[in-house]
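Step one of this worksheet: look at the structure below.
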Amino acid sequence: MTAIRAENVAFWLLGLLNNSVYVIMIAGANDISSGAVGLVYFCAVFPALLVKLSAPYWFHLVSYDARMTIVAVMMSSAYLTVAYGSHVSWQLLGVAFAAFQGGLGEASCLALCSFYDSRRALTLWSSGTGFAGVAGYTWVAVLHLWWGASFRTTLMLANITSVAWLFIYHAVLPPRKQEAVSQLHTLVSSRSNGTADLPADQGVASDGMEAEADKSSGSQEHQPISRPDAGSELSKGSQGRSGSPSWRASGSSGMTRRASWLDLDHAASADALGQAALLGDEERGRPSNDDVALDGSRQQKAEDMAWKERLMHTLHLWPYMVPLCVVYFAEYAMQTGTWTAIGFPVTDAEARQRFYSASNWCYQVGVFVSRSSGLAYQATVPVLWLMPALQLLLLLFFTTVAVSHWLYSWVLLAPCLITGLLGGAVYVNAFTLISRQVDPLRREFSLAAASLGDSLGIAFADIAGILIQGCLYKVNTIPGASFSC
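Here the sequence shown stands for residues 50 to 534, where the numbers follow my numbering.
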């Protein structure tokens, strides 16, 4: 298996395994606590939220190997605690273990993508997480519902995921390119007392899909690269958690040139590191990061940042985090609120359950398809913001349908599919945009920090969903809601 193929397989499977635990727990919510399903959802979200909220302040202190091991341990702990918990409180603790594992695994793997071809790695990771919804529900449906295995047996068999997780990370995923970092550190150091010219005709773009376009356009110019600023330094630690070097280029256009991890990987593999022309964002028609709030600290490695700097940089990621939060709020409010109050007829509990199951399957298919589209399409920031607005309109649409029944048939599954498409598209495009637009020195940090957005949206939606469901149950005279308007 080639390195690129192994990388693709590894990130897809890591995404699948990481999210499958959460899905299996949610699919078995009724078996865990039939009288308090909302409490199961709460325990499945808030530990992940706490992990992502605190991650920017301690991730740099814990190696990837240690974090991946913790993820595997928490996977098994979740399954064992829920399977053998003698009381519902123990089972809810197991669900919390699964949430902690999911949050830690997602934030760590998103950051890990920065050491590879980030757009491809993020797309494969996103695709794997999208398929986890289908795989998790299928696991529970086949073993527990169709074959009649107990929920405990279903969970115990799922322990294979923790073994597979460690195997994929250690044996399948290619190692991060530390050789490229070392070579570039030597190159930068050798030029610290002067300047040197790098032929632009052998340059590679920081985005694999744009490299060919840049090369064919003939727009790469021969420009001298000045020595790095005084604060620029590459980390030579074993984990390689720092970003890539950053420097300014002097030239007639005054454009900023800088390296990305993809540049380093390609240059190292071609043994042409010393001749690579490292293209900046302006040269591809995108705004420079010098114009955003990260200016003045571009040369600083993320692990050298004080906690206030970490907080400020996390807040500066709002153009990506707000769409994530809003789109997840809207879709999970539909899942936990409006879709629970639709059925044909709505007064029939079995009819409501049939629609709820079908709507969630359509949603999961949409998520998988759109999360797999990262290499085919890259949304701009305005489009990234447009999609959550459309998702809010869908929430309004389903709410009015549940109240007035003005469009009340199985045709509603089509907008359920669109809900999944929008949610998955915002997820993959938000992180691929970060990988392209954030300074390489902060890319790893930013990918992990921005993962807070979706968990915040889900947490808000769980609360809103209870309120929406209670109001819709009252409108439709359906008994059994835990909250009433």
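Just so you know, even glycine gets a beta-carbon here, dropped at the ideal spot from N, CA and C.
Of Val122, Trp188 and Leu439, the smallest CA-CA separation from Thr202 is found for Trp188. A straight-line Cα-Cα distance of about 36 Å links Leu424 and Thr449. Annotated three-state conformation of Trp434 is helix, per DSSP.
Leaving aside the five residues that flank Val395 on each side, the residues in its chain whose CB is nearer than 6 Å to its CB run, in chain order, Asn525. If you check the CB distance, Thr389 and Tyr405 come in under 8 Å. Judged by beta-carbon spacing, Phe108 lies beyond the 8 Å limit of Ala148, meaning their Cβ atoms are not closer than that value. Taken through DSSP and simplified to helix, strand or coil, Met354 comes out as coil. For Tyr71, the enclosing alpha helix (DSSP H) starts and ends at Ala52 to Ala76. Secondary structure note for Cys374: its alpha helix (DSSP H) is the uninterrupted segment Trp367 to Thr385. For Arg225, there is no enclosing alpha helix (DSSP H), as DSSP marks it with neither H nor E. By the Cβ criterion, the region 172-182 is not in contact with the region 498-518, since fewer than three pairs of Cβ atoms, one from each stretch, lie closer than 8 Å. Taking a 10 Å sphere around the C-beta of Ser453, we find fewer than 16 other C-beta atoms and assign the residue as exposed.
Rounded to the nearest angstrom, the Cβ distance from Ser419 to Gly473 is 3 Å, consistent with a contact under 8 Å. In terms of Cβ geometry, Ser504 and Leu98 form a close pair [threshold 8 Å]. Note on Trp195: under 16 other CB atoms within 10 angstroms of its CB, so exposed under the neighbour-count rule. Non-local C-beta neighbours of Trp139 in its own chain, meaning closer than 7 Å and more than five positions away in sequence, comprise Thr130, ordered along the chain.
Collapsing the DSSP output to three states places Pro394 in coil. Where Asn478 is concerned, the enclosing alpha helix (DSSP H) starts and stops at Leu462 to Gln486. Separation of the CB atoms of Asn68 and Arg169 is rounded to 19 Å, and the pair is thereby denied contact status at 8 Å.
Non-local beta-carbon contacts of Cys520 in its own chain, meaning distances under 7 Å to residues more than five positions away in sequence, involve Cys534 in chain order. Here the alpha carbon of Met205 sits roughly 7 Å from the alpha carbon of Ala132. Looking from the CA of Tyr113, the closest CA among Val137, Glu155 and Ala407 belongs to Glu155.
Ala207 sits away from Tyr369, with the two beta carbons spaced by 8 Å or more. The C-beta distance from Tyr377 to Thr468 rounds to 11 Å, too long to meet the 8 Å contact threshold. Secondary structure of Asn409 (DSSP, three-state): helix. Note that the C-beta distance between Gly151 and Val70 is below 8 Å. Around the CB of Thr363, 16 or more other CB atoms lie within 10 Å, so the residue is classed as buried. In the assembly as shown, Phe417 is a buried residue. Its beta-carbon has 16 or more other beta-carbons within 10 Å. Counting along the chain, the unbroken alpha helix (DSSP H) around Pro489 starts and ends at Pro489 to Ala499. A distance below 6 Å between beta-carbons, with the five flanking residues on each side excluded, links Gly506 to the following residues of its chain, in chain order: Cys374, Tyr377 and Phe378. Counting only runs that start and end inside the region 159-185, there is no alpha helix (DSSP H) element of at least 4 residues.
Note on Val475: 16 or more other CB atoms within 10 angstroms of its CB, so buried under the neighbour-count rule. Around the beta carbon of Thr429, fewer than 16 other beta carbons sit within 10 angstroms, so the residue counts as exposed. The alpha-carbon separation between Leu471 and Phe480 amounts to approximately 15 Å.
Annotation: the continuous alpha helix (DSSP H) that includes Trp214 extends over Ile209 to Phe216.
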